[in-house]
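If you're matching them up, the sequences are chains A and B in order. The first sequence runs 396 to 504 under my numbering. The second sequence runs -14 to 101 under my numbering.
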Amino acid sequence: QKEVEQDPGPLSVPEGAIVSLNCTYSNSAFQYFMWYRQYSRKGPELLMYTYSSGNKEDGRFTAQVDKSSKYISLFIRDSQPSDSATYLCAMTSYDKVIFGPGTSLSVIP
Amino acid sequence: DTGVSQDPRHKITKRGQNVTFRCDPISEHNRLYWYRQTLGQGPEFLTYFQNEAQLEKSRLLSDRFSAERPKGSFSTLEIQRTEQGDSAMYLCASSLAPSGRTYEQYFGPGTRLTVT
């Protein structure tokens, strides 16, 4: 079993839809939980990070962490074509970051 | 632009040749990470430096791979005797430590290696 699991998609939604992206993990020692966005042929860029269970909102993005279930989510409201990218969940283990395989998202105009 | 830069962006080499990649981190960042990413996968940790010290190296990393950060600024990643399985995107990231900001890594655009 991999430490971090993520549905690879691809996920295709119409513009304006609410998108839900999810990851599960197995290591209860993970400390920080992050979401990175990666456009084609680019390096990942940090979208959001959270430390504790609960929700964190930043504009159209909401990150949710449930440590008891070892489950994290990213919600995108009012999705835009510019949101089309691969979304990587990631977690810190001491001084390392462990990434999920990523979910490919396409937002259709 | 003061972001992370990597050179070259693309490298095509024949099996058995040696290749070297360079990464220039954000200037005030003291931590530098190397990752490898294959199609459909997330970045996989290879090694990281704090200043010039290499603090950890992945157990999955072959002895053919070596990384340096001689003056605590730029870093190089060398792959000796390349194999087709080395074909991947090699990503560099930097962060500021020890403020606990392991989560806040800034990535470069990557070097795409193709071994023929």
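Built from N, CA and C at the ideal position, the CB exists for glycine as well.
One or two residues paired with residue i in a DSSP bridge
| i | result |
| --- | --- |
| B:Asp9 | B:Ser(-10) |
| B:Leu168 | Residue numbering for chain B in the displayed model covers -14 to 101; residue 168 of chain B lies beyond these limits and cannot be assessed. |
| A:Tyr482 | A:Arg432 and A:Thr498 |
| A:Phe470 | A:Ser415 and A:Thr457 |
| A:Leu441 | A:Tyr431 |
| B:Leu62 | B:Phe6 and B:Ala52 |
| B:Arg79 | Note that residue 79 of chain B is Ser in the sequence shown, not Arg. B:Ser79 is bridged to B:Leu17 and B:Tyr91. |
Buried/exposed call for residue i, threshold 16 Cβ in 10 Å
| i | result |
| --- | --- |
| A:Leu483 | buried |
| B:Asp48 | exposed |
| B:Thr102 | There is simply no residue 102 of chain B to check, as chain B begins at -14 and stops at 101 in what is shown. |
| A:Glu410 | exposed |
| A:Ile489 | Strictly speaking, residue 489 of chain A in this sequence is Tyr, with Ile absent from that position. The residue is exposed, with fewer than 16 neighbouring Cβ atoms inside 10 Å. |
| A:Tyr434 | exposed |
| A:Ala480 | buried |
| B:Leu45 | exposed |
| B:Gly27 | buried |
| B:Asp71 | buried |
| A:Pro496 | buried |
| B:Glu89 | buried |
| B:Ala73 | buried |
| A:Ser421 | exposed |
| B:Ser60 | buried |
| A:Arg432 | buried |
| A:Ser474 | buried |
| A:Gln401 | buried |
| B:Thr101 | exposed |
| B:Gly95 | buried |
Whole-angstrom C-beta distance between residue j and residue i, which should lie under 8 Å
| i | j | result |
| --- | --- | --- |
| B:Asn15 | B:Leu81 | 7 Å |
| A:Asp461 | A:Ser448 | 6 Å |
| A:Phe470 | A:Val414 | 7 Å |
| B:Glu13 | B:Gln22 | With a Cβ gap of about 26 Å, B:Glu13 and B:Gln22 do not count as contacting. |
| B:Glu63 | B:Ser79 | Rounded, the Cβ-Cβ distance is 19 Å, inconsistent with contact. |
| B:Thr(-2) | A:Val492 | No, B:Thr(-2) and A:Val492 are not in contact; Cβ-Cβ is about 28 Å, not under 8 Å. |
| A:Pro405 | A:Ser468 | Not quite, the Cβ-Cβ distance comes to about 18 Å (not below 8 Å), so this is no contact. |
| A:Met407 | A:Ser501 | Going by the sequence as given, residue 407 of chain A is Ser instead of Met. Indeed, because the Cβ distance is near 5 Å, the residues count as touching under 8 Å. |
Residue i (DSSP reduced to helix, strand or coil)
| i | result |
| --- | --- |
| A:Asp453 | strand |
| B:Tyr18 | strand |
| A:Asp402 | coil |
| B:Thr67 | coil |
| A:Ser477 | helix |
| B:Thr23 | coil |
| B:Tyr88 | helix |
| A:Asp490 | coil |
| A:Tyr427 | coil |
| A:Pro409 | strand |
| B:Leu40 | strand |
| B:Phe34 | strand |
| B:Phe50 | strand |
| A:Tyr420 | strand |
| A:Ser505 | The requested residue 505 of chain A does not occur in the structure, where chain A is confined to residues 396 to 504. |
May I ask you to verify whether the segment 44 to 57 of chain B touches the segment -11 to 0 of chain B, counting CB pairs closer than 8 Å and requiring at least 3? no
With three or more beta-carbon pairs closer than 8 Å as the criterion, would you say the segment 431 to 448 of chain A touches the segment 473 to 492 of chain A? Between the segment 431 to 448 of chain A and the segment 473 to 492 of chain A there are three or more C-beta pairs closer than 8 Å, enough to call the two in contact.
If you pair each beta-carbon of the segment 453 to 467 of chain A with each one of the segment 3 to 21 of chain B, do three or more pairs fall below 8 Å? Too few Cβ pairs lie closer than 8 Å, so no.
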